[in-house]
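Scroll down for the structure; my scribbles are underneath it.
Residue numbers (this note's numbering), protein chains in the order written: chain R, 43 to 214; chain W, -16 to 228.
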């Protein structure tokens, strides 16, 4: 074996070893790396009970309930499989909207309501101009579909297919 | 096939010379592309339907983030070539990458934080994507610190090359963190198999900016590589001849 070949094998060996170690470490930390749990995971009991955790999902349209004269509000977070009711008191970020991703940090109460003390908005990867968004909304009866396709919208192209409410959506 | 052009890349005088010749061929297109992309992105592109004009930070954030990862991969490949083929110029190239990559990583983190505050509602969260990107910055800083700590250049080359190769496992973690785990960071809009989640008038300036930043990186890399070769070859006779000519 030439010295160069030995060094090549050494580099490949380092890469393989470190990848394996990294893989094992990430598998071990799987639960901690999860930034949030979705409502299905909460329903399956995977979320830590009695401890603080983050709940992520979409704000179900028509469920945002603000009490006038206070910062108290309630809404339902959904992944289109399961729903979790959230209670919160405070200011929400600009991108907090119906049918948009949201991440709530708080605790699941025994009555099944998630009481949050921090609300973050999660943006999706879709970007489009306001008038395009309006035309997509019009095609779907005034509601923004969960996974709008900005490329096919506008210009009289085929309407973006809307996901039925029962389709599992893992990324929102 | 004739491989002489490849073998000549191992020669410091040769690389010093062609790096000098090539630099303007990267620098000028980079400048023109960045100016055009800025105009396209800040003036021509429409505002986003949700983020308004705030989305325009993508024209700096996405290219810097892409380069931070691309430069690290370049650095690790150069370090591996240097280690396996004992090629001094490859080590010099890897060493020249680190500083540029660290700045691009810092820029991607800062622009991401500035966007995160109004959009997500927070500057920073310990999210997989964000944390992996911060680790990338520490890998760059560790690489530079390790090099600075070893006086003998040949030993610094070998030790830092191993660190660069070990750190490359972080690259797929950054890229796939948003797919593997629930993350607050959105999935890629452009760098994916599917078609881009963005209309052409937003996308074209972004792609121009990506290309412009990439060419800018190569221009800066060539300048830094020349400086690194000068430092390493300061007592070589070819250099004295080249400078006195």
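Glycine is no exception: its CB is placed at the ideal position from the N, C-alpha and C atoms. Here the structure is a predicted model, which means the values were calculated and not measured.
Query                                                                                                                                                                                                   : Result
For residue 54 of chain R and chain W, any beta-carbon pair shorter than 7 Å?                                                                                                                           : no
Please work out which residues of its chain come closer than 6 Å, Cβ to Cβ, to residue 214 of chain R, disregarding the five sequence neighbours upstream and downstream, and give them in chain order. : For residue 214 of chain R, the pLDDT reaches just 41, beneath the cut-off of 50, and the residue's location in the model is therefore unreliable, although a value from the coordinates is still provided. Closer than 6 Å at the Cβ level, and outside the excluded window around residue 214 of chain R, lie 100, 143.
I'd like the span of the alpha helix (DSSP H) that includes residue -10 of chain W, first residue to last.                                                                                              : -13 to -10
Against chain R, with Cβ distances strictly below 7 Å, would residue 91 of chain W count as a contact?                                                                                                  : no
Assuming contact is defined by CB atoms lying nearer than 7 Å, are residue 121 of chain R and residue 82 of chain R in contact in what I supplied?                                                      : yes
Going by DSSP, what residue range makes up the alpha helix (DSSP H) through residue 122 of chain W?                                                                                                     : 111 to 132
Give the list of continuous beta strand (DSSP E) stretches no shorter than 3 residues that lie fully inside the region 77 to 137 of chain R.                                                            : 94 to 101, 114 to 120, 125 to 131
Under 8 Å by Cβ, that's how I've got residue 153 of chain W and residue 113 of chain W pegged, so tell me the actual separation to the nearest angstrom.                                                : Between residue 113 of chain W and residue 153 of chain W the Cβ distance is about 13 Å, and since that is not below 8 Å, they are no contact.
Is the CB-CB distance between residue 77 of chain R and residue 167 of chain W below 7 Å?                                                                                                               : yes
If I'm right that residue 51 of chain W touches residue 87 of chain W with Cβ under 8 Å, what's the distance once you round it to whole angstroms?                                                      : 4 Å
Using three-state DSSP, classify residue 252 of chain W as helix, strand or coil.                                                                                                                       : No information on residue 252 of chain W is available, as it lies outside the stretch -16 to 228 that chain W covers here.
Could you tell me the boundaries of the alpha helix (DSSP H) in which residue 167 of chain W lies?                                                                                                      : Per DSSP, residue 167 of chain W belongs to no alpha helix (DSSP H) and is neither H nor E.
Tell me, please, whether the CB atom of residue 249 of chain W is closer than 7 Å to any CB atom in chain R?                                                                                            : Residue coverage of chain W in this structure runs from -16 to 228, which leaves residue 249 of chain W outside it and unanswerable.
Under 7 Å Cβ to Cβ from residue 2 of chain W, same chain only, skipping five residues before and after it: list those, please.                                                                          : 205, 208, 209
Under 7 Å between the Cβ atoms of residue 81 of chain W and residue 127 of chain W?                                                                                                                     : yes
Answer yes or no: do residue 158 of chain R and residue 128 of chain R have a C-beta to C-beta separation smaller than 7 Å?                                                                             : yes
So who's on the other strand from residue 160 of chain R, going by DSSP bridges?                                                                                                                        : R/147
Is the region 160 to 172 of chain R touching the region 96 to 104 of chain W in the sense that three or more CB pairs, one from each, lie closer than 8 Å?                                              : yes
Determine the burial state of residue 191 of chain W: buried for a count of at least 16 other Cβ atoms within 10 Å of its Cβ, exposed for fewer.                                                        : buried
Is the region 31 to 46 of chain W touching the region 165 to 174 of chain R, taking contact as three or more C-beta pairs under 8 Å?                                                                    : yes
What would DSSP say about residue 184 of chain W, mapped onto helix, strand or coil?                                                                                                                    : helix
Would you tell me roughly how many angstroms separate the C-alpha atoms of residue 154 of chain R and residue 146 of chain W, rounded to the nearest one?                                               : 48 Å
Could you tell me which whole alpha helix (DSSP H) segments of length 4 or greater appear in the region 27 to 95 of chain W?                                                                            : 41 to 68
Taking the CB atoms as reference points, tell me whether residue 95 of chain R and residue 79 of chain R lie closer together than 7 Å.                                                                  : yes
Are residue 53 of chain R and residue 67 of chain W close, meaning C-beta to C-beta below 7 Å?                                                                                                          : yes
Within the 7 Å Cβ cut-off, does residue 136 of chain R reach chain W?                                                                                                                                   : yes
For residue 155 of chain R, which three-state DSSP category applies?                                                                                                                                    : strand
Under the three-state reduction of DSSP, which class applies to residue 180 of chain R: helix, strand or coil?                                                                                          : helix
Output, in chain order, the set of chain R residues within a Cβ distance shorter than 7 Å of residue 68 of chain W.                                                                                     : 46
Give the straight-line distance between the Cα atoms of residue 63 of chain R and residue 149 of chain W, rounded to the nearest whole angstrom.                                                        : 11 Å
On a Cα-Cα basis, can you pick out the residue from W/59, W/24, W/188, W/69 that is closest to residue 48 of chain R?                                                                                   : W/69
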